[in-house]
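For the sequence shown, this note's numbering begins at 1 and goes up steadily by one.
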Amino acid sequence: MIDKLHVLAAIVACGLAAPALADPVKVVAAENVYGDLASQIGGANVAVTSILSNPDEDPHLFEASPATARALADARIVIVNGVDYDPWMEKLIGAHKAAGRREILVGALTGRRAGGNPHLWYDPAAMKAAARALAADLAAVDPAHKAAYEQGEMKFLDSLKPLDQKIAAMRKSYAGQPVAASEPVFGYQAALIGLKVRDEKYALAIMNNAEPTPSETAAFEDDLKGKKVKAMLYNAQASEPAVNKLVELAKANGIPVVGVSETEPRGSSYQDWMMRQLNALDQALAGGA
Ligand SMILES: [Zn+2]
1 MIDKLHVLAA IVACGLAAPA LADPVKVVAA ENVYGDLASQ IGGANVAVTS ILSNPDEDPH
61 LFEASPATAR ALADARIVIV NGVDYDPWME KLIGAHKAAG RREILVGALT GRRAGGNPHL
121 WYDPAAMKAA ARALAADLAA VDPAHKAAYE QGEMKFLDSL KPLDQKIAAM RKSYAGQPVA
181 ASEPVFGYQA ALIGLKVRDE KYALAIMNNA EPTPSETAAF EDDLKGKKVK AMLYNAQASE
241 PAVNKLVELA KANGIPVVGV SETEPRGSSY QDWMMRQLNA LDQALAGGA
């Protein structure tokens with residue numbers, strides 16, 4: 001009899017423990033940088049799907065497929081960049097409403113609007129805002145792991161300190177220095193460092209897959225030939241023959257070039273990726289590239 005009671009007690013205990021063994025929270029991120037954020041904060045308690053994750057494709061040319069819609073089907077939390085970077089995602093979540101699903105729009109969190117620079121993850125403040133919103137949403141849909149999500153949030157916010165310090169140090173060294181960029185990918189960090197980014201109209205045209213005007217191209221070439229910029233940033237992820245020519249022109253004129261990308265590289269973390277690029281730019285501006 002006692003043995004039977006023990007077995008019963010064990011079964012009841014298992015039943016009470018069941019929520020801890022529940023399926024992980026399904027999170028869908030439009031971009032893998034936010035997928036990484038979700039993995040870092042949620043750990044084993046989340047199952048993350050990132051839609052844009054191919055660092056060899058131009059994200060501005062991405063179109064959603066039926067697989068994208070399927071990935072969304074039972075998502076509890078969706079993270080979207082917004083600011084016209086992933087309009088296909090905003091359209092999908094609008095078309096497939098799901099009761100109780102939480103949607104995080106990073107652009108809205110940071111007051112950025114369409115027409116502005118959409119590469120929000122280059123702004124550490126945007127990543128911090130996304131981390132806070134995500135941890136709060138995870139705790140709301142999975143209260144059993146609230147403490148773990150809060151811990152994950154703290155750990156993530158802490159891990160951004162070296163990036164903030166690096167940006168501050170570069171600001172001291174390089175504020176006011178002129179650079180050129182083939183696309184505004186690095187724009188938010190360039191602004192935080194205080195760099196003067198020239199040829200912005202050219203960069204916007206390339207980002208929008210439009211043809212820069214002859215005068216915009218000529219101005220860019222003049223900046224390189226006249227050594228009016230200390231470095232040239234280019235989008236390592238988009239292959240534009242016109243941009244490749246500018247990269248060659250920069251090299252021919254002894255101007256260091258630094259590749260930056262939009263999609264988080266495979267096997268990298270957000271923090272390592274950003275730090276690697278900042279180190280490369282630091283070296284270039286220091287004249288040691
Ligand atoms: Zn872009």
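Note that beta-carbon positions come from the ideal geometry of N, C-alpha and C, so glycine has one too.
Treat the numbers as computed from the prediction; the structure is a model and nothing was measured.
Residue pairing of Asn-235 in beta bridges, as defined by DSSP: Val-260. In this structure, ligand 1 has a non-hydrogen atom nearer than 7 Å to the beta-carbon of Met-207. Nearest Cα to Pro-178 within the set Asn-54, Lys-155, Ala-210, Lys-230: Lys-230. In the DSSP assignment, Lys-196 falls within the unbroken beta strand (DSSP E) covering 196-198. By the CB criterion at 8 Å, Val-247 and Leu-138 fall outside the cutoff. Of the other Cβ atoms in all chains shown, 16 or more fall within 10 Å of the Cβ of Asn-81; this residue is therefore buried. In terms of side-chain proximity, the C-beta atom of Pro-59 is found nearer than 7 Å to a non-hydrogen atom of ligand 1. Judged by DSSP secondary structure, Lys-26 falls within the beta strand (DSSP E) whose first and last residues are 25-31. Going by DSSP, Glu-90 is part of the alpha helix (DSSP H) stretching over 87-95. Counting only runs of 4 or more residues that sit fully inside the stretch 157-204, the alpha helix (DSSP H) segments are 161-174, 187-193, in chain order. DSSP places Ser-268 outside both helix and strand once states are collapsed to three, so it counts as coil. For Arg-70, the uninterrupted alpha helix (DSSP H) segment begins and ends at 66-72.
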